[in-house]
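Undergrad: The structure is given below, and queries will be raised subsequently.
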Amino acid sequence: MSLEVDRRAFRLLPSEEVRWAGASRARARSERSLRLALLFLFVTANVAFLFSLVLVSLGEPGSAEPLSLAVLLTVLAGGLVAMNRFLSHRGEYVVTDRRVIVRRRGSVHAVDRGTVTFARIVWHPKIPNVGDLELVVAVPIGPLRRTQRLVFEAVEDPDVALAVCRGATVPSRPSDRYADLVERLSPDEVVEWGGHPQGLLLGWREVATALLGVVTLATSVLYGVHIVLLLMELETMGLSPFSAAWWLLVFAVGSSFALMATVGATLVWYGSVRARRQGRRTEYLVTSERVMIRRGHAELSVDRDRIVDVATTRAPLGKAHLHLVLESEGGRGLSASGAFALFAPAREPVPPVFYEIGPGDVETLRGLLLGRTLSEG
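So the sequence shown is residues 0 to 376, counted in numbering that gives the first Met the number 0.
So, in structure tokens, the structure goes:
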């Protein structure tokens with residue numbers, strides 16, 4: 000990888016030395032929420048268009064309203080796609096001996112390397128050695144709390160870029176989302192503890208998602224029964240079975256039923272089956288230098304010198320959530336990792352939290368990370 004960069008474009012100081020440089024190598028993947036929103040808009044537009052055709056075929060007035068809705072939803076979906084492509088513009092990234100710099104669409108953003116509190120890699124779902132590297136800076140908690148982060152979108156070998164940001168030895172093994180966590184360690188790193196979450200492997204968000212899916216499925220069943228009764232009633236009122244209008248109506252209401260049933264089943268699967276599977280595959284690792292957490296395609300890395308305290312909150316079945324309290328260099332910012340929030344933070348983004356660990360593991364981790372036990376604390 001060439002380290003020749005446009006120093007003026009990145010606004011580098013004359014004394015700064017470039018340690019790593021890269022750019023987005025693949026189009027940043029669309030977020031799951033965007034894909035679901037597009038699916039919903041297109042299916043709803045299709046249903047509205049079919050209802051418009053039904054009214055036209057029956058010679059009834061009012062076909063312009065559903066047709067206008069279909070056009071509006073299609074335009075909105077196209078706008079979302081265009082906006083996503085604009086926001087996912089290819090970026091250029093540089094790591095120097097002092098700063099981490101992101102240049103995108105002519106604007107330059109930078110943070111000092113020493114202020115980075117933790118990092119997160121989200122691997123590309125289709126390209127094994129490509130992923131997003133997110134660098135998060137701890138900021139004051141309370142009224143001044145906010146999010147400060149830089150993201151390297153779709154870069155090759157993001158773990159190499161992370162090692163350079165940390166000032167650590169670059170891993171000898173090629174980057175791969177399938178590699179074990181221990182294969183990403185520096186040669187002088189030693190594993191001191193490893194584990195997995197236990198218990199239900201579900202948070203309140205997952206349970207709420209599954210319940211919402213059950214309600215949606217029940218609603219789709221009631222809707223389907225109502226539609227069958229409505230079709231039977233329309234046939235008695237003169238609507239010819241298997242006519243063009245009949246088929247259009249069947250396709251319209253069938254699409255609505257399929258959309259509702261699919262959304263409900265997906266929510267149930269996402270909040271129960273997938274969530275528990277992701278929980279079983281979650282890995283916790285404590286080395287001599289850092290804390291690493293992996294869940295799905297996301298990996299978290301926290302240097303141990305950023306951990307100033309830990310906080311525990313209750314979890315079901317006698318387990319506990321262990322939140323890492325982090326600070327930036329010089330104590331200029333503090334992150335409690337959701338320890339003081341009313342609800343535990345979402346598990347999917349992989350925050351600095353050990354979810355659902357046993358009391359013995361809490362004692363062990365407290366001793367490893369802080370050098371003291373509960374009784375001493």
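Beta carbons are placed, not taken as given, at the ideal position from N, Cα and C, and that holds for glycine.
When every heavy atom of the ligand MN is checked, does at least one fall within less than 8 Å of the C-beta of V224?
TA: The ligand MN is not part of this structure, which contains no ligands at all.
Undergrad: Which parts of the stretch 138 to 205 are runs of the beta strand (DSSP E), unbroken and 3 residues or longer, counting only runs that do not cross its ends?
TA: 147 to 155, 190 to 194
Undergrad: Does DSSP classify M82 as helix, strand or coil?
TA: Assignment of M82 by DSSP, reduced to helix, strand and coil, places it in the helix class.
Undergrad: Which same chain residues end up closer than 6 Å to T73 when comparing Cβ atoms and leaving out the 5 residues on each side of it in sequence?
TA: Contacts found: A44.
Undergrad: Taking just the CA atoms, how far does L229 sit from F39?
TA: 25 Å
Undergrad: Indicate the three-state DSSP secondary structure (helix, strand or coil) for A338 in the structure shown.
TA: coil
Undergrad: Looking only at its own chain, which residues have a Cβ that is under 6 Å from the Cβ of V163, when we skip the five neighbours before and after it?
TA: If we look at V163 and ignore the five residues flanking it on each side, its Cβ neighbours are R18, W19, V94.
Undergrad: Using 10 angstroms around the beta-carbon of A118, count the other beta-carbons present and answer buried if the total reaches 16, otherwise exposed.
TA: Under the 10 Å beta carbon count, A118 is surrounded by 16 or more other beta carbons and is classified as buried.
Undergrad: Excluding the 5 residues flanking R24 on each side, which residues of the same chain have their C-beta closer than 7 Å to its C-beta?
TA: Closer than 7 Å at Cβ, skipping near neighbours: V129, A153, V154, E155.
Undergrad: Got a sec? Which residues, its chain only, sit under 6 Å from A274 by beta carbon, not counting five neighbours each side?
TA: These residues qualify, in order along the chain: L201, E205.
Undergrad: Please report the residue range of the alpha helix (DSSP H) in which M236 lies.
TA: Careful: M236 lies outside any alpha helix (DSSP H) and carries neither H nor E.
Undergrad: So what does DSSP say about R24, is it helix, strand or coil?
TA: coil
Undergrad: So, are the CB atoms of A109 and R98 less than 9 Å apart?
TA: yes
Undergrad: L258 and V70: beta carbons closer than 9 Å?
TA: No Cβ-Cβ contact shorter than 9 Å links L258 with V70.
Undergrad: If you draw a straight line from the alpha carbon of L11 to that of L66, how long is it in whole angstroms?
TA: 55 Å
Undergrad: Check A109 in the structure and name its three-state DSSP category.
TA: Annotated three-state conformation of A109 is strand, per DSSP.
Undergrad: Once you ignore the five residues that flank G21 on each side, which residues in its own chain have a CB closer than 6 Å to its CB?
TA: Y92, V154, listed in sequence order.
Undergrad: Suppose you measure from the CA of A243 to the CA of S32; what does that come to, to the nearest Å?
TA: 36 Å
Undergrad: Compute the distance between the beta-carbons of L368 and R303, then report whether it is under 9 Å.
TA: yes
Undergrad: Quick check: L184 and T286, are their CB atoms within less than 9 Å of each other?
TA: yes
Undergrad: For R102, is the classification buried or exposed, using 16 other Cβ atoms within 10 angstroms of its Cβ as the cut-off for buried?
TA: buried
Undergrad: Determine the contact status of V46 and A251, defining contact as a CB-CB distance below 9 Å.
TA: It is a contact, given that the beta carbons lie within the stated cut-off.
Undergrad: In angstroms, rounded to a whole number, what distance separates the CA positions of F9 and I100?
TA: Straight-line measurement puts the Cα of I100 at about 7 Å from the Cα of F9.
Undergrad: Between T116 and S334, how many whole angstroms is the CB-CB distance? I'm expecting something under 8 Å.
TA: 6 Å
Undergrad: Just mark R289 as buried or exposed, buried being the case when its beta carbon has 16 or more other beta carbons within 10 Å.
TA: buried
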